[in-house]
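There are 4 protein chains.
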Amino acid sequence: MIRATIYNEYVQERTDAASLDFLQGWGEEAIRGIAGRAGEVLRAHPAGAIHATLKQALEECDDIRVRHIATLEHVEQELSEEVLADTDVLLWWGHLAHEQVPDAVAMRVRDHVQRGMGVIFLHSAHMCKPMGLLLGTSCTLRWREGDQERLWCCAPAHPIARGVAPCVFLEEEEMYGEFFDIPTPDELIFLGAFRGGEVFRSGCVWNRGYGKVFYFQPGHETYRSYFHPDVRRILQNAVRYLSHPELRRDRLECLAV
Amino acid sequence: MIRATIYNEYVQERTDAASLDFLQGWGEEAIRGIAGRAGEVLRAHPAGAIHATLKQALEECDDIRVRHIATLEHVEQELSEEVLADTDVLLWWGHLAHEQVPDAVAMRVRDHVQRGMGVIFLHSAHMCKPMGLLLGTSCTLRWREGDQERLWCCAPAHPIARGVAPCVFLEEEEMYGEFFDIPTPDELIFLGAFRGGEVFRSGCVWNRGYGKVFYFQPGHETYRSYFHPDVRRILQNAVRYLSHPELRRDRLECLAV
Amino acid sequence: MIRATIYNEYVQERTDAASLDFLQGWGEEAIRGIAGRAGEVLRAHPAGAIHATLKQALEECDDIRVRHIATLEHVEQELSEEVLADTDVLLWWGHLAHEQVPDAVAMRVRDHVQRGMGVIFLHSAHMCKPMGLLLGTSCTLRWREGDQERLWCCAPAHPIARGVAPCVFLEEEEMYGEFFDIPTPDELIFLGAFRGGEVFRSGCVWNRGYGKVFYFQPGHETYRSYFHPDVRRILQNAVRYLSHPELRRDRLECLAV
Amino acid sequence: MIRATIYNEYVQERTDAASLDFLQGWGEEAIRGIAGRAGEVLRAHPAGAIHATLKQALEECDDIRVRHIATLEHVEQELSEEVLADTDVLLWWGHLAHEQVPDAVAMRVRDHVQRGMGVIFLHSAHMCKPMGLLLGTSCTLRWREGDQERLWCCAPAHPIARGVAPCVFLEEEEMYGEFFDIPTPDELIFLGAFRGGEVFRSGCVWNRGYGKVFYFQPGHETYRSYFHPDVRRILQNAVRYLSHPELRRDRLECLAV
Numbered sequence: 003m004i005r006a007t008i009y010n011e012y013v014q015e016r017t018d019a020a021s022l023d024f025l026q027g028w029g030e031e032a033i034r035g036i037a038g039r040a041g042e043v044l045r046a047h048p049a050g051a052i053h054a055t056l057k058q059a060l061e062e063c064d065d066i067r068v069r070h071i072a073t074l075e076h077v078e079q080e081l082s083e084e085v086l087a088d089t090d091v092l093l094w095w096g097h098l099a100h101e102q103v104p105d106a107v108a109m110r111v112r113d114h115v116q117r118g119m120g121v122i123f124l125h126s127a128h129m130c131k132p133m134g135l136l137l138g139t140s141c142t143l144r145w146r147e148g149d150q151e152r153l154w155c156c157a158p159a160h161p162i163a164r165g166v167a168p169c170v171f172l173e174e175e176e177m178y179g180e181f182f183d184i185p186t187p188d189e190l191i192f193l194g195a196f197r198g199g200e201v202f203r204s205g206c207v208w209n210r211g212y213g214k215v216f217y218f219q220p221g222h223e224t225y226r227s228y229f230h231p232d233v234r235r236i237l238q239n240a241v242r243y244l245s246h247p248e249l250r251r252d253r254l255e256c257l258a259v
Numbered sequence: 003m004i005r006a007t008i009y010n011e012y013v014q015e016r017t018d019a020a021s022l023d024f025l026q027g028w029g030e031e032a033i034r035g036i037a038g039r040a041g042e043v044l045r046a047h048p049a050g051a052i053h054a055t056l057k058q059a060l061e062e063c064d065d066i067r068v069r070h071i072a073t074l075e076h077v078e079q080e081l082s083e084e085v086l087a088d089t090d091v092l093l094w095w096g097h098l099a100h101e102q103v104p105d106a107v108a109m110r111v112r113d114h115v116q117r118g119m120g121v122i123f124l125h126s127a128h129m130c131k132p133m134g135l136l137l138g139t140s141c142t143l144r145w146r147e148g149d150q151e152r153l154w155c156c157a158p159a160h161p162i163a164r165g166v167a168p169c170v171f172l173e174e175e176e177m178y179g180e181f182f183d184i185p186t187p188d189e190l191i192f193l194g195a196f197r198g199g200e201v202f203r204s205g206c207v208w209n210r211g212y213g214k215v216f217y218f219q220p221g222h223e224t225y226r227s228y229f230h231p232d233v234r235r236i237l238q239n240a241v242r243y244l245s246h247p248e249l250r251r252d253r254l255e256c257l258a259v
Numbered sequence: 003m004i005r006a007t008i009y010n011e012y013v014q015e016r017t018d019a020a021s022l023d024f025l026q027g028w029g030e031e032a033i034r035g036i037a038g039r040a041g042e043v044l045r046a047h048p049a050g051a052i053h054a055t056l057k058q059a060l061e062e063c064d065d066i067r068v069r070h071i072a073t074l075e076h077v078e079q080e081l082s083e084e085v086l087a088d089t090d091v092l093l094w095w096g097h098l099a100h101e102q103v104p105d106a107v108a109m110r111v112r113d114h115v116q117r118g119m120g121v122i123f124l125h126s127a128h129m130c131k132p133m134g135l136l137l138g139t140s141c142t143l144r145w146r147e148g149d150q151e152r153l154w155c156c157a158p159a160h161p162i163a164r165g166v167a168p169c170v171f172l173e174e175e176e177m178y179g180e181f182f183d184i185p186t187p188d189e190l191i192f193l194g195a196f197r198g199g200e201v202f203r204s205g206c207v208w209n210r211g212y213g214k215v216f217y218f219q220p221g222h223e224t225y226r227s228y229f230h231p232d233v234r235r236i237l238q239n240a241v242r243y244l245s246h247p248e249l250r251r252d253r254l255e256c257l258a259v
Numbered sequence: 003m004i005r006a007t008i009y010n011e012y013v014q015e016r017t018d019a020a021s022l023d024f025l026q027g028w029g030e031e032a033i034r035g036i037a038g039r040a041g042e043v044l045r046a047h048p049a050g051a052i053h054a055t056l057k058q059a060l061e062e063c064d065d066i067r068v069r070h071i072a073t074l075e076h077v078e079q080e081l082s083e084e085v086l087a088d089t090d091v092l093l094w095w096g097h098l099a100h101e102q103v104p105d106a107v108a109m110r111v112r113d114h115v116q117r118g119m120g121v122i123f124l125h126s127a128h129m130c131k132p133m134g135l136l137l138g139t140s141c142t143l144r145w146r147e148g149d150q151e152r153l154w155c156c157a158p159a160h161p162i163a164r165g166v167a168p169c170v171f172l173e174e175e176e177m178y179g180e181f182f183d184i185p186t187p188d189e190l191i192f193l194g195a196f197r198g199g200e201v202f203r204s205g206c207v208w209n210r211g212y213g214k215v216f217y218f219q220p221g222h223e224t225y226r227s228y229f230h231p232d233v234r235r236i237l238q239n240a241v242r243y244l245s246h247p248e249l250r251r252d253r254l255e256c257l258a259v
């Protein structure tokens with residue numbers, strides 16, 4: 003049984019501004035703005051949260067179980083050493099509050115990936131701290147809301163593409179376009195094409211130590227990409243591809259011989 | 003001075019069917035069809051041939067000279083050992099008659115690339131013999147005439163992208179789409195996005211021995227892509243990037259020590 | 003059950019010069035020389051042939067069966083379309099007689115790899131025709147008999163390295179040294195270090211279309227590397243890693259849309 | 003004129019323990035130990051410091067000037083924004099005191115590399131903070147003092163290898179061996195072979211944003227590798243290859259369109 007953990011920022015789904023008090027220093031107006039737009043996010047995620055949508059998507063598979071859910075509010079405890087040690091693959095969705103994630107948590111995630119944990123960074127997680135620590139580039143890109151995406155497979159023999167159509171059509175998706183400032187992917191699997199004419203390396207794998215990183219572009223908070231059967235298949239395939247508990251190390255050290 | 007050589011099939015530019023007699027076995031009807039459509043090709047190439055257009059494009063640069071032009075009709079002599087030995091970078095445009103190129107010529111080109119010559123395969127050359135010999139894959143793809151292309155740069159620090167806009171708009175271009183069956187490029191520089199929604203790895207470099215291979219997607223015979231200043235810049239940059247006479251070897255051999 | 007096929011040149015194991023008559027044009031003296039040294043090869047391969055040693059190595063695993071053995075003498079029939087279509091992974095050992103393999107057989111192997119068959123090129127197969135067709139480089143190197151090798155793993159998370167020691171010591175092995183003229187490997191797994199001070203990229207994977215290529219350096223005909231348990235593990239792991247019958251295609255074609 | 007800057011820890015060259023007072027918290031005994039062994043370091047670096055040796059090596063070239071020297075003691079000022087903005091290529095030598103480098107300095111170096119500065123990490127700098135931030139792996143390895151190294155070129159067409167012998171013999175060098183936990187290099191140029199039988203990816207390039215990273219293994223503090231003409235050539239070539247002032251960016255940002 004593959005042990006998945008989902009981190010979701012869990013900010014944009016909250017209709018109750020008071021529940022966002024933990025975002026100290028953001029100001030009342032900003033927080034009321036977020037809460038005011040939460041209805042639109044919840045329409046896309048009827049189970050009440052992006053992590054709930056993702057959990058349902060993964061647990062369509064008998065061999066994957068979501069063992070832990072973590073959100074920004076309590077991320078220090080919810081992505082503790084113990085939780086990560088109990089995780090084969092971590093999924094990470096974040097957007098507005100990357101800076102609120104403590105450095106120590108980001109470094110903890112990086113360390114576990116280097117020692118064998120898989121990590122999947124979703125959509126706007128391209129700017130999150132652990133992705134920056136693992137890739138070493140700025141991960142900047144060009145973007146625009148309100149587009150649609152065709153996801154083309156450029157590596158049809160790759161395990162993450164198994165059973166996925168050559169072209170997956172996403173009726174609504176945010177445009178992310180090149181230049182996407184990432185290291186050369188070890189495996190480039192999907193290219194996204196947008197109605198506005200842009201193109202993007204939408205599905206990429208990098209090896210880092212004993213673990214693997216998968217970045218996957220779709221998943222804007224107000225769109226229903228994670229309900230598309232091919233997108234779900236990609237997420238499920240990716241969890242399987244990144245899960246390698248047999249490779250997990252306790253520590254990485256220089257070895258005097 | 004960089005020594006360029008251009009191979010152009012030089013079939014589709016001919017309005018005189020009789021001049022295509024060397025295409026033995028193609029049948030009168032096929033050949034008359036080609037000649038009948040030549041006017042459209044010539045409208046795109048007022049200098050009379052694709053190789054003439056390419057020569058003009060390269061010779062905008064003071065440091066590049068086209069030393070040799072070769073066409074299918076006399077390719078055995080025009081891409082002789084002597085011509086290739088006198089070539090720093092070979093450009094190759096072909097479309098209908100890849101099979102008519104003798105195996106010996108394809109192997110000669112491959113051998114010179116391995117020993118340090120650069121080669122640029124343009125557009126429909128993706129199915130030509132020397133490209134197959136150098137890459138080892140089928141180079142098959144999906145295609146459709148009558149589209150338009152946006153060429154996005156995904157490696158803005160690459161020498162071939164110097165001075166080129168982040169997005170080059172080609173009013174008319176043939177669609178080539180993924181899955182493009184190529185080896186993982188050593189350097190992926192351009193991604194093409196088409197109006198029809200497809201996407202393509204349109205500019206790729208591979209190292210082969212002491213030489214380099216650049217594949218560049220634009221250049222359908224009836225369109226004017228090679229007159230676009232950014233496309234010309236890309237071709238000129240590529241010729242410079244692939245030219246390394248100082249690396250040229252006379253032969254490659256296993257060395258007993 | 004994984005279906006393996008072994009091609010072995012099967013020249014250097016023959017003590018009976020008359021049985022080498024099929025090597026037309028080699029001359030009596032050369033052939034008697036080969037036959038005269040066969041005893042040394044047979045001492046290393048008590049089952050009578052390199053293919054017999056390899057078959058034993060693979061069939062230690064319950065999930066691998068060697069369905070076909072092919073040798074140079076009858077290679078045209080023994081690596082027919084039918085045999086390759088019945089093969090998930092082909093192993094190729096050859097040394098003296100690469101040129102005797104018909105071009106049609108080499109192209110057939112290349113085509114099946116592009117369509118999903120795995121192929122493992124062993125030791126002196128680096129100069130064989132299908133490897134050249136699949137990689138596109140000269141595959142030349144530096145070499146010397148009578149050395150010993152330490153095989154270091156530089157990708158301990160790779161499936162081919164599972165259960166293999168960080169350093170495998172091969173008491174006797176032929177030295178193959180850099181510069182090894184190969185394309186950048188998609189996956190570099192083993193580096194070989196030789197007593198004489200040379201170093202080599204000894205275990206490399208390349209993707210080609212729907213199939214994979216693995217080159218593995220050990221295996222000189224008079225040494226017992228294929229009896230080393232870690233080398234056997236590597237071969238077995240590689241067969242599993244390269245076997246993907248579900249990806250097999252009947253043909254690869256450009257697709258007009 | 004290429005503008006180089008050298009960072010050298012400048013700890014192990016000091017014979018005067020009192021001058022190491024800035025290493026607060028290391029304890030008197032440790033510091034006296036370092037000072038006591040400084041004579042051996044100075045014998046290898048008669049100009050008085052590793053940075054002085056490196057400066058001489060680079061300034062053999064008319065087109066390279068060392069504009070700034072920075073050492074740990076004043077690194078915050080000596081690798082300021084202004085200094086890095088005035089640097090095309092930074093060389094980094096450190097060993098004992100990686101942790102003493104402030105995080106802010108490491109992040110500043112990373113940011114400048116992403117925006118176009120080149121950086122060369124030398125020898126024991128594999129564990130320094132900016133290298134970890136740029137590569138995202140642990141950079142751990144196996145090691146032993148008192149060995150010798152043969153540096154083999156596995157990319158003879160690479161600009162960093164121009165004019166360098168196929169094998170460079172270093173009479174004395176520290177052994178660094180695989181598994182070296184780095185991302186797949188974009189360009190693997192040198193492999194090191196050690197007398198003890200180990201092997202190492204000794205010269206690697208990675209692209210990061212608009213800049214490039216070169217890691218080069220030789221350079222233990224008590225050995226004279228940086229006086230070897232081929233090693234000097236490698237350093238000079240690398241400085242030229244990594245210098246791209248024309249690519250330098252002021253900032254990297256996501257771009258809403």
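Protein chains in written order, with my numbering: chain A, 3 to 259; chain B, 3 to 259; chain C, 3 to 259; chain D, 3 to 259.
Here a beta-carbon is modelled for each residue, glycine too, at the ideal position from N, C-alpha and C.
Since we're looking at a predicted model, the values are computed, not measured.
Just checking, does the segment 242-252 of chain A make contact with the segment 142-153 of chain A on the three C-beta pairs under 8 Å criterion?
no
Roughly how many angstroms lie between the CA atoms of Ser126 (chain B) and Pro220 (chain B), to the nearest whole one?
Residue 126 (chain B) sits at position 124 when you count from the first residue of the second sequence. Residue 220 (chain B) sits at position 218 when you count from the first residue of the second sequence. Spanning the two alpha carbons is a distance of roughly 9 Å.
In chain B, which residues lie with their C-beta within 9 Å of the C-beta of His246 (chain D)?
As a first step, residue 246 (chain D) is located in the fourth sequence; it is residue number 244 there, counting from the start. Going along chain B in sequence order, the residues near His246 (chain D) (Cβ under 9 Å) are Ala159.
May I have the straight-line CA-CA distance separating Ile33 (chain C) from Gly179 (chain C), to the nearest angstrom?
Reading the third sequence from its first residue, position 31 is the one you call residue 33 (chain C). Reading the third sequence from its first residue, position 177 is the one you call residue 179 (chain C). One C-alpha to the other measures close to 29 Å.
How would you call Ala17 (chain A), buried or exposed, if buried means at least 16 neighbouring beta carbons within 10 angstroms?
Position 15 of the first sequence, counted from the start, is the residue given in the question as residue 17 (chain A). Strictly speaking, residue 17 (chain A) in this sequence is Thr, with Ala absent from that position. The residue in question, Thr17 (chain A), is exposed, as its Cβ has fewer than 16 Cβ neighbours within 10 Å.
DSSP beta-bridge partners of Thr7 (chain D):
Translated into positions along the fourth sequence, residue 7 (chain D) becomes position 5. Beta-bridge pairing links Thr7 (chain D) to D:His70, D:Leu92.
Please say whether Asp65 (chain A) and Ile122 (chain A) have beta carbons closer to each other than 7 Å?
For the purposes of this step, residue 122 (chain A) is identified with residue 120 of the first sequence, where counting begins at 1. For the purposes of this step, residue 65 (chain A) is identified with residue 63 of the first sequence, where counting begins at 1. No, these two residues do not count as a Cβ contact at 7 Å.
Considering only residues of the segment 190-236 of chain C, which uninterrupted beta strand (DSSP E) runs meet the minimum length of 3 residues and lie entirely inside it, listed in chain order?
201-210, 213-218
Name the residue from A:Val170, A:Leu74, A:Pro104 whose alpha carbon lies nearest to the alpha carbon of Gly96 (chain A).
As a working mapping, residue 96 (chain A) is identified with position 94 in the first sequence. Measuring from the Cα of Gly96 (chain A), the nearest candidate turns out to be A:Leu74.
Quick one: is Val267 (chain A) near chain D, going by C-beta distance under 7 Å?
Residue 267 (chain A) is absent from the model: chain A starts at 3 and stops at 259.
Per DSSP, cross-strand counterpart(s) of Ala258 (chain C)
For the purposes of this step, residue 258 (chain C) is identified with residue 256 of the third sequence, where counting begins at 1. Note: Ala258 (chain C) sits in a beta bridge opposite B:Trp145.
Under 8 Å, with one C-beta from each stretch per pair, do the segment 172-186 of chain D and the segment 136-146 of chain D reach the 3-pair mark?
yes
If we cut at 7 Å on Cβ distances, does Glu266 (chain B) have a partner in chain A?
Summary: the structure shown does not reach residue 266 (chain B), with chain B confined to residues 3 through 259, and so no result is reported for it.
Please classify Gln14 (chain A) as buried or exposed, where buried requires at least 16 other C-beta atoms within 10 Å of its C-beta.
Within the first sequence, numbered from 1, the residue matching residue 14 (chain A) stands at position 12. Buried, by the Cβ-count rule.
Under the criterion of a Cβ to heavy atom distance below 6 Å, does Leu44 (chain B) qualify as lining the ligand SAM?
Absence of the ligand SAM from the depicted structure is noted, as is the absence of any ligand whatsoever, leaving it without description.
Please work out which residues of its chain come closer than 8 Å, Cβ to Cβ, to Pro104 (chain A), disregarding the five sequence neighbours upstream and downstream, and give them in chain order.
Counted from its first residue, the first sequence places residue 104 (chain A) at position 102. If we look at Pro104 (chain A) and ignore the five residues flanking it on each side, its Cβ neighbours are Val77, Glu78.
With DSSP collapsed to three states, give me the class of Arg16 (chain C).
If you number the third sequence from 1, residue 16 (chain C) lands on position 14. Residue state, collapsed to three classes: coil.
Does any residue of chain B bring its CB to less than 7 Å from the CB of Gln193 (chain A)?
Counting from 1 along the first sequence, the entry for residue 193 (chain A) is found at position 191. Note on identity: in this sequence residue 193 (chain A) is Leu, with Gln being the wrong assignment. Judged by the 7 Å Cβ criterion, Leu193 (chain A) is in contact with chain B.
Against chain D: residues of the segment 85-106 of chain A by CB proximity under 7 Å
none
Inter-residue Cα distance where the pair is Arg210 (chain A) and Gly138 (chain C):
Position 208 of the first sequence, counted from the start, is the residue given in the question as residue 210 (chain A). Position 136 of the third sequence, counted from the start, is the residue given in the question as residue 138 (chain C). When rounded, the distance between both Cα atoms is 29 Å.
Chain-ordered neighbours of Ile212 (chain A) on chain C, where CB pairs are closer than 8 Å:
Here residue 212 (chain A) is taken as the residue at index 210 of the first sequence, counted from 1. What sits at residue 212 (chain A) in the sequence shown is Tyr, not Ile. Near Tyr212 (chain A) (Cβ distances below 8 Å), the residues of chain C are Pro158, Ala159.
Ends of the alpha helix (DSSP H) at Val43 (chain B)?
Within the second sequence, the letter at position 41 stands for residue 43 (chain B). Looking at the DSSP string, the run of the alpha helix (DSSP H) that includes Val43 (chain B) is 30-46.
Would Gly120 (chain B) and Val85 (chain B) be called neighbours here (beta carbons separated by less than 7 Å)?
Stepping through the second sequence from its first residue, residue 120 (chain B) is reached at position 118. Stepping through the second sequence from its first residue, residue 85 (chain B) is reached at position 83. No, the pair does not count as a contact, with Cβ atoms beyond the cut-off.
Cβ contact check for the segment 23-43 of chain D and the segment 194-209 of chain A: 3 or more pairs under 8 Å
no
C-beta contact flag for Pro132 (chain A) and Arg112 (chain A) at 7 Å
What you label residue 132 (chain A) is simply residue 130 of the first sequence in a count that begins at 1. What you label residue 112 (chain A) is simply residue 110 of the first sequence in a count that begins at 1. The answer is yes: Cβ separation under 7 Å.
Does the beta-carbon distance from Trp94 (chain D) to Tyr9 (chain D) come in below 7 Å?
As a first step, residue 94 (chain D) must be located in the fourth sequence, where it is residue number 92. As a first step, residue 9 (chain D) must be located in the fourth sequence, where it is residue number 7. In this structure, Tyr9 (chain D) lies closer than 7 Å to Trp94 (chain D) by Cβ.
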